[in-house]
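Protein chains in written order, with my numbering: chain A, 73 to 406; chain H, 73 to 406.
Note that beta-carbon positions come from the ideal geometry of N, C-alpha and C, so glycine has one too.
What you are looking at is a predicted structure, and each value in this text was computed from that prediction instead of being measured.
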DNA sequence: TTGAAAGCGCTAACAG
DNA sequence: CTGTTAGCGCTTTCAA
């Protein structure tokens, strides 16, 4: 910047004003400065800038999801990015992989870079460390799950009701032996879905068979193994409920085969996924919309950054049971 | 930091040394400082830090992809993020949506934040603006496509050969009327794939029918429409080649229907996609591995950041024809 | 082992 | 309309 000032024969302040498009510079002078900037390839150093403009925004936010490679979170991320762009904001991203240690690391790295705000998919465990950042002025919005020990805006979906409706749907068709295939129980959303599963049974005065319940499935392959186990039981389930996209796809791997006839087991999965409608039979799912979720979270965050100090809000978005076929397979007559 | 120093009764320098884990501080003093840090909730301001430590790294890189919501780029991003973490580096992300203006904007925003390096999926058009950043010390690696007017490490796949093999495969089974469904021609990778398509014909002394060629498909819906058009022709194609995942899925939408019989048209798509193996028939694809691509790009970038000044390298990864069924449908006898 | 002084690149606040 | 001065929070350099 000093070089530019020298080259244009003006002071640092004038260059600063031109660079920031501030008024009060003679067009002629400005033009001279612009030329010098271009000739020297000068670019403003935002680090130094933010340092001086204290209390000002860095126009950077952090987004911490579970796994960026999961299409659900990828779509959510894209929505956040688009919203950020409207606010001239860049986005730092990180995946926590459901590890609290990793989440802390990433949050810390983001905050050291003085992000204006953070959108977090909180893993299990206490989030008091986020409270500290809030006190330092970082705005925080939680997505997909609430954070323990934290007062922050939160965007959720009605997991319990979604799962309830899915299982209700299976019960309505006469299924009684309904298997549950689920991710880690310590994930809030998963726990809620399992609650919904159980409640649907309870509403009919029934109780799910514990032999048909599998928790802790962390990968598609895990889910495939678990589904195959259930199917192989002496008295197998006539229907399956899968707690998220990964598990549903793993279950599809077990049930759908291109070479042999598809297993005659009904299936409803939580989460929409690509081509669910093109399988044979197409997969009935409880759909949530990651784009709306991300956009909502971003809207809340930028509201806070803009100065909204109202009490923390909890937004609960609706899920939608998408009936396609796999959930409408009748139980085999026994 | 000043507050911490005061609270611990030491100078700023001592605090700085403790914060950075530098040697030469009495354990006793360090403990006192640590306590003050914890009590005051102090966190180092990396902005100020980087400002002073000139010539040092910001431990931040930028990643600019076409569309983060696309599973291919999501997986690539995740690979880059994982590599970055090994180098204690955070990642800024952005989607260009194939717009040069947007790419420039994002690159500029990243560079103003003084990223150490940039991994870019370059859109069409001159990338001289990236040259300027290189001159300023930002390391640049291109992925998926080379950048015009730029000397930088580049990670590609053998698009032309991949497409050639796909079409070769269709020709080998007797198909002659093979339709081409493609994204925008100004995208390098797409152009290469179209070249491969044409070359496969040429190798047999054939020429593709121009009536069966559709360029510029930007969305799944575009592809569906185009595929339906081709199928509806008086003399329709007996096979289709789709130039990328989005187009392949759109074509699947046109060909595969859960209610009626699948259209008897062979299909080979470029890019792997989830559940391709579970459709009926499963989809034959030319697979590339986004994780390896991202990891390779990151490896090159961190090598450069670490000081590698050898001439720019071009890494070409292989594609793999995954034969599954949809590409092995014989042409209808005429 | 610790501290004081200087300054990174920029902008706020005030002069001219 | 333009410039001067001071200082953001930290680290480098040198001295104690």
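#### Entry: Exposed unless 16 or more other CB atoms sit within 10 angstroms - verdict on residue 395/H
By the neighbour-count rule (16 or more Cβ atoms within 10 Å), residue 395/H is not buried but exposed.
### Task
Identify the contact partners of residue 150/H in chain A, using a Cβ-Cβ distance below 8 Å as the criterion.
139, 140, 141, 167
#### Entry: Where residue 198/H sits in the DSSP three-state scheme
strand
### residue 303/A vs residue 252/A beta-carbon contact at 7 Å
no
### Query
Does the segment 359-379 of chain H come close enough to the segment 211-221 of chain H that 3 or more CB-CB pairs lie under 8 Å?
yes
### Query
Within the 7 Å Cβ cut-off, does residue 264/A reach chain H?
no
### Query
From the beta carbon of residue 113/A, is the nearest beta carbon of chain H less than 7 Å away?
yes
### Task
Run the CB neighbour count on residue 95/H, radius 10 Å, all protein chains shown included, and call it buried at 16 or more, exposed below.
exposed
### Message
Can you look up residue 76/H in the DSSP assignment and give me helix, strand or coil?
### Response
helix
### Query
From which residue to which residue does the alpha helix (DSSP H) around residue 120/A run?
118-124
### Query
DSSP state of residue 386/H, grouped into three classes?
strand
### Nearest-angstrom Cβ-Cβ length linking residue 163/A and residue 175/A, presumed shorter than 8 Å
Contact flag wrong, Cβ pair sits at about 17 Å.
### Query
Between the segment 351-372 of chain A and chain H, which residues of the former have a C-beta closer than 7 Å to a C-beta of the latter?
351, 352, 353, 354
#### Entry: Sequence-distant residues of its chain with Cβ nearer than 6 Å to residue 318/A (five each side left out)
Here the set comprises 292.
### Residue from 290/H, 287/H, 335/H with nearest C-alpha to residue 309/H
335/H
### Task
Confirm, please, whether the CB-CB distance from residue 240/H to residue 288/H is below 7 Å.
Result no, Cβ atoms of residue 288/H and residue 240/H do not sit closer than 7 Å.
### Task
Using three-state DSSP, classify residue 219/A as helix, strand or coil.
Collapsing the DSSP output to three states places residue 219/A in coil.
### Task
Give the DSSP-derived three-state secondary structure of residue 166/H in the structure shown.
strand
### Query
Which first and last residues belong to the beta strand (DSSP E) in which residue 252/H is found?
250-253
### Task
Identify the continuous beta strand (DSSP E) that holds residue 392/H and give its terminal residues.
392-394
### Message
7 Å is my cut-off, CB to CB: does residue 347/A come that close to chain H?
### Response
yes
### Message
My parser needs the beta strand (DSSP E) runs of 3 or more residues fully inside the segment 241-325 of chain A; what are they?
### Response
For the segment 241-325 of chain A, the continuous beta strand (DSSP E) assignments of 3+ residues that do not extend past its boundaries occur at 250-253, 311-314, in sequence order.
### Task
Name, going along the chain, the residues of the segment 93-120 of chain H whose beta-carbon falls closer than 9 Å to a beta-carbon of chain A.
113, 115, 116, 117, 118, 119, 120
### Query
Can you find a CB in chain A that lies within less than 7 Å of the CB of residue 336/H?
no
### Message
Could you check whether the segment 273-281 of chain A touches the segment 88-108 of chain H, counting it as contact only if at least three pairs of C-beta atoms, one from each stretch, sit closer than 8 Å?
### Response
no
### Task
Could you check what DSSP says for residue 345/H in three-state terms: helix, strand or coil?
When secondary structure is reduced to three states using DSSP, residue 345/H falls in the coil class, being assigned neither helix nor strand.
### Query
Between the segment 218-234 of chain A and the segment 169-188 of chain A, are three or more C-beta pairs nearer than 8 Å?
no
### Query
At a Cβ threshold of 7 Å, is residue 122/H touching chain A?
yes
### Message
I'd like the span of the beta strand (DSSP E) that includes residue 154/A, first residue to last.
### Response
Where residue 154/A is concerned, there is no enclosing beta strand (DSSP E), although the alpha helix (DSSP H) it sits in stretches over 143-158.
### Message
For residue 71/A and residue 244/H, I'd like the C-alpha separation in whole angstroms.
### Response
Look at the range of chain A in this structure, 73 to 406, and you will see that residue 71/A is not part of it.
### Task
Using three-state DSSP, classify residue 133/H as helix, strand or coil.
strand
### Query
Are the segment 124-140 of chain H and the segment 338-345 of chain H touching by the rule of at least three beta carbon pairs closer than 8 Å?
Remark: fewer than three beta-carbon pairs, one from each stretch, lie closer than 8 Å, so the segment 124-140 of chain H and the segment 338-345 of chain H are not flagged as touching.
### Query
Does residue 184/H come within less than 7 Å of chain A when only Cβ atoms are used?
Output row for residue 184/H: interface = yes.
### Message
Please identify the residue among 120/H, 399/H, 92/H whose C-alpha is closest to the C-alpha of residue 314/H.
### Response
399/H
#### Entry: Extent of the continuous alpha helix (DSSP H) to which residue 208/A belongs
Element bounds for residue 208/A: n/a, residue is neither H nor E.
#### Entry: the segment 76-96 of chain A / the segment 185-192 of chain H touching (three or more Cβ pairs under 8 Å)
no
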